[in-house]
Every structure is written in C-alpha cells, then in structure tokens.
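Residue numbers (the numbering used here): -5 to 504.
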Amino acid sequence: MRADLIPSRPIPHRLNARRFACLSNAVLILAAVLVLGAGAPQLAQAQTAQPAAEDLRALIYYLDNDDQRSVQAEMRRLRAQFPRWTPPSDVRELRAQAVTGSTAVDVAPIWSRIERNDYAGARALIDQARNRVPGWSPDAEMLRVLEINESQAAFDSAFAQRDPAAALAAARRTPALMRCDRINNAWRLAELYAQSEQMANAVSTYRGVLSSCRRLSDAVPTLEKANEVASWPQMEELFDVARTAQPTNGDRLTQLQDRLRAGRGGAVARATPRRATPSPAAPAAAASAPARAAPAARTTAVAAVPPSAAVPLGSLALRGDRRIAQVRRLKEQGNWQACLSASSNPRSLEMLYERSWCAYNLERSGEALAGFTAIAQRGSGLGGDVPRDTRFGMILSYLALNMTEQGAQVAAATNLTRQQRVEVETTILDQRGVRSYLRREYAQSIAYFNALEDLSGPLRRDLAMLRAYAYLNNDQPQLARTEFTRLHNELATDETRSALQSLSNIMSAG
-5 MRADLIPSRP IPHRLNARRF ACLSNAVLIL AAVLVLGAGA PQLAQAQTAQ
45 PAAEDLRALI YYLDNDDQRS VQAEMRRLRA QFPRWTPPSD VRELRAQAVT
95 GSTAVDVAPI WSRIERNDYA GARALIDQAR NRVPGWSPDA EMLRVLEINE
145 SQAAFDSAFA QRDPAAALAA ARRTPALMRC DRINNAWRLA ELYAQSEQMA
195 NAVSTYRGVL SSCRRLSDAV PTLEKANEVA SWPQMEELFD VARTAQPTNG
245 DRLTQLQDRL RAGRGGAVAR ATPRRATPSP AAPAAAASAP ARAAPAARTT
295 AVAAVPPSAA VPLGSLALRG DRRIAQVRRL KEQGNWQACL SASSNPRSLE
345 MLYERSWCAY NLERSGEALA GFTAIAQRGS GLGGDVPRDT RFGMILSYLA
395 LNMTEQGAQV AAATNLTRQQ RVEVETTILD QRGVRSYLRR EYAQSIAYFN
445 ALEDLSGPLR RDLAMLRAYA YLNNDQPQLA RTEFTRLHNE LATDETRSAL
495 QSLSNIMSAG
C-alpha cells in the first residue's frame, strides 16, 4: 500500500528506515511542502490547538526517510487538522516541537543500553517509559539506530554461522544494511552464497552493489571479489554494469578488466570457481597488483621463525598422508576444530599446510606460524598457489601475534594477490597507527590512519576516535573538532560528548 494514502498510520516500533542522508535535504523538502501549501487558509485570529509531539512523529519519520510524497500527504493532513498551525522553516525547530512534552523520560539509560549492544534491554526500557509516561514515544533517530544495530547484530551472527538465509532475512528486514556505507555486508552475503554453492545469487549480489555504489573505491574490490566466483562472460556483464554506473571511471575499469582477464590466462572463462580458502588444487593464475604501502619484491627470502614457534618438522615428506581429502574437506567447510582433530600428528607437509589454516582460524597463531614457516622453507614442491598462500598465512599469523614489522617484512617480499595485499596492508596500517599513537608519535599515527582510510574506506569508529585525539595532541584542534562532531552526529555517546566537552575547554583556555 502506498504510504501517501495512509498518512495517519502509526509508525511501527521496528522501523525499516533508510539513513537520513543530510539535514539540508530535509530542509529543502520541508521548504517545498511549505510552498505547495502556501494557498492554505492563514487566519490571523488567536491561535488554536497546535499539533502535539505525537502528531508530528509521522512527519519526522517521512523526513528522515527522504519520502517527499509522504511528507506532502502528512503536511496536508496536519494543515487540515490544525488550520492555524504554521510549520517552522527550520527542520531542527520541527524536531524540537516533536519532542516537546517528552522531557519526563530520561533517554540516557536507553542510549546506554544501545551502545552496549543490549537491544532487548533498550526495548524493555522503552516499553517501561511508554507505560510510565502516556503519549511518550522514542524519537525516530533512536528507533532508527536501534533497528539498524539489531539487524546488524543478526546479520553478523548469521555470517558467523555461515547461514545465507538468515543473513538475507536480516537484510530484508532492514534494507539499510545493504547501503553503500555498509558495503561489507553485501560482500559477506555474496561470500556466504559462494560458500554454499549458490553462485548465481553471489553474482547477483555483486551486480546490485555495482549498480548502486558509484565510487571507484567500491567498484574495484567488488569486481575483484566477483572474479573469484563468476565466469568470464558474467564478469564482462558486471563490468558493463559498473561502467554504466560510473561513466567517468571507464578507463580505470578497463585497466582492471584487462588485469583480471590476464590473470585467467587470456579471455578464457574459468570452468570452476576458485575456492574461498587457499588450497593446493586452486589455479595458480591469480594476477598480482602493486602494493600501496609496501611494494612487493620478487625474492625467495623467508623471514626467520621466532624460537617459540620452532617445531621439529624436518622429517615430514612432501605428500603421502592418506587423511588429506577428509582434512581438506573439513577445512573448506570451516569446521576448524574437526580439521585439527583429523590432522593431528601430520605425516606430510601437504597435511601440515591444511592444518595450519585450521589452526590460524582457531586463533592458534603460534602453531599456524610454525607450520606455515616449515612449508615455506621446504614445501615449494606442492606447487600451484601453495607457496604464495603459505607466505600469506605466515603474514596473517605474524599480525595476529601483533608482530607487525615481521609480518610487513614477509609481505614486502611476497607477490600477493591484490585482495591479499589489501587485507594485509589494512591490518599493518591499523596496528602501526595504534602503536604510533601509544608512542605519542601523533603526526605519524595520523598519517597511518589516513593511509588506511585511503586504502579500505571509512575508518572503524574506534580508530576514527583515536585519529581525532591524535589531531588534538598534534595541535590540530579544528580537525579534531570536525572528526569528533561527525562521530557524535552519527551516534552520540558518552565518549563523544566527553571528547567535545574537553575540546571546547581546551580551545576556550587557549
């Protein structure tokens, strides 16, 4: 049913709202509505009843969703019901009217529950407040944040359980999860489809991203991920979608298309998709790309293993352990614990390779590092992508152990795929940025975080807060205020309030 035909319909408690794009858009929509309603009766006599906070909730909701037709319908309803009411010209004043009479409810505990990811507790407090204060309802922003965070938690749980149906259900409940500012969700959904052999759905998910997200920084990794599961004719179709959505990036997309085609040995489509987990059976045709932070050097040098990781593996044969098919199947299923149990006391380097990936995914990073290093030193005969992926496993294990520079050293000496390179460099820049901050090397910390943002998109909230404090400590208060304010507007927390207050005190004292 069309929203503009049911203007008096109550707003549901669980809102499937899109993110409020920007304040200026809402102001423009409201201004357009005022122009359309300029011919309505304007009486100069004494004021009659004004709309209450409850009456304005639907209008605020439609403004938040940038739903202009519904805004116009709701304004017509309000003018008919309150003919002497004059809407404010500033949407912020309208919001202030919408919360008038609601000050009897302290919403801080509700926000605190939301910030702690206690969504059931937040909803319980909302229900208690509704019962205690008749006519009160939380504002649209609180409901929007609660809805999105709940659905994101459900999506994350579905991804952890490798359940594409549950992940898709969470996305359908809250379409905002699939917006471009949460592009990682779409990538993870496609990954779940690929792991469950639903390749057509995976490709369709990537196609949706390419048609909706107009930044080159979104299109490039999406196409690279799609290249792992799509046939070459499907890839050509995806590139056409990307060019239609981003006509100004045609040359860059053509360069990427040529590189991916070369990685497949020409224009021949891959008969079977590449495995999501490194495997000796995977084709050795992945194309490399220059690193953004640490250029890859073609060398066979292997970093030394720390003494704690050394294990007596010198007597292992290259192949011959008859359990290999079972263990590889468990690894590809993501059944890490069963994989470790089935590969105990490995009797070949081939088995040790599979076991090391399972150990890494169970956060047994020291054991994984020892295995990967032994294979890097003696397992080149396994062929295919194993030598490269072994060194990739070494790098990930070093980084999991917070041995950043050792991992960076191996990364600089390894010809990783572009996707591997981005994953590694993202973690290296993250760790270096935090370490530089702790060493009070604030300018260097900012440089690392800026490079991380250039490489992988918007920073995680904790790193963005740390960068803002680095700006403040580096005598860049205006940049600090811009960052703190942006984070506060996205989600106001005690942390952002405290940061803004401290910054205000510092700037006043200066």
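Using N, Cα and C, we set each Cβ at its ideal position, and we do this for glycine too.
Within a Cβ cutoff of 7 Å, which residues of the same chain sit near residue i, ignoring the five residues on either side of it in sequence?
i, result
"Ser430", "Gln438, Ser439, Tyr442"
"Leu356", "Trp330, Gln331, Leu334"
"Asn499", "none"
"Leu210", "Gln240, Asn243, Arg246"
"Tyr56", "Ser64, Val65, Glu68"
Taking buried to mean at least 16 other C-beta atoms within 10 Å of its own C-beta, is residue i buried or exposed?
i, result
"Arg201", "buried"
"Ser359", "buried"
"Ile318", "buried"
"Ala34", "Its pLDDT being 36, under 50, Ala34 is placed unreliably by the model, and the measurement read from it follows with that caveat. The residue is exposed, with fewer than 16 neighbouring Cβ atoms inside 10 Å."
"Glu484", "exposed"
"Pro340", "buried"
"Ser337", "buried"
"Asp175", "exposed"
"Ala493", "buried"
"Gly549", "Examination of residue 549 is not possible in this model, given that the chain is present from -5 through 504 alone."
"Arg126", "exposed"
By alpha-carbon positions, which one of the options ends up nearest to residue i?
i, options, result
"Ile54", "Pro77, Pro82, Arg78", "Pro82"
"Leu46", "Tyr56, Leu88, Ala67, Leu57", "The question names Leu, but residue 46 is Ala in the sequence shown. Ala46 has its Cα closest to that of Leu88, out of Tyr56, Leu88, Ala67, Leu57."
"Asp424", "Arg176, Ala445, Arg208, Arg412", "Ala445"
"Ala116", "Pro132, Glu477, Leu343", "Pro132"
"Ser434", "Ala458, Arg349, Asn468, Val418", "It is Arg, not Ser, that sits at residue 434 in the sequence shown. Selected option, being the one with the closest Cα: Asn468."
"Leu140", "Thr168, Gln414, Leu204", "Thr168"
"Leu460", "Leu310, Arg475, Glu348", "Arg475"
"Glu144", "Asn125, Val127, Trp130, Arg110", "Arg110"
"Ala462", "Val428, Asp448, Ser450, Leu449", "Val428"
"Asp150", "Glu135, Asn178, Ala123", "Asn178"
"Lys507", "Trp351, Ser342, Ser309", "Absent from the model: residue 507. The displayed extent of the chain is -5 to 504, so no value can be given."
"Val223", "Thr199, Ala493, Arg426", "Thr199"
"Arg255", "Pro227, Arg237, Thr238", "Pro227"
"Gln75", "Gln44, Ser342, Ser64", "Gln44"
"Asp212", "Glu231, Gly365, Arg237, Glu230", "Arg237"
Could you name the residues of the same chain whose beta carbon sits closer than 6 Å to that of residue i, not counting the 5 residues immediately before and after it, in chain order?
i, result
"Ala147", "none"
"Ala464", "Tyr431, Tyr436, Ser439, Ile440"
"Pro471", "Met501"
"Gln413", "Glu218"
"Met345", "Asp315, Ile318, Ser337"
"Gly401", "Ile389, Tyr392, Leu393"
"Met193", "Val223"
"Ala503", "none"
So residue i packs on residue j, CB below 8 Å; how close in whole Å?
i, j, result
"Met519", "Ala180", "Past the edges of the chain, shown from -5 to 504, lies residue 519, and the structure says nothing about it."
"Glu497", "Leu457", "In the sequence under discussion, the amino acid at residue 497 is Leu, which differs from the Glu named in the question. Not really, about 18 Å apart at Cβ, beyond 8 Å."
"Glu348", "Arg322", "5 Å"
Might you give, ordered along the chain, the residues of its own chain that have their beta carbon closer than 8 Å to the beta carbon of residue i, omitting 5 neighbours on each side?
i, result
"Leu(-1)", "Below a pLDDT of 50, predicted positions are generally treated as unreliable, and Leu(-1), at 29, falls in that range; no measurement from the model is reported."
"Thr487", "Trp105, Glu109"
"Val235", "Arg201, Leu204, Ser205"
"Ser450", "Val416, Thr420"
Sufficient close CB pairs (3 or more, under 8 Å) joining the stretch 246 to 260 to the stretch 203 to 221
yes
Any contact between the stretch 390 to 399 and the stretch 368 to 380? By contact I mean 3 or more CB pairs, one from each, below 8 Å.
no
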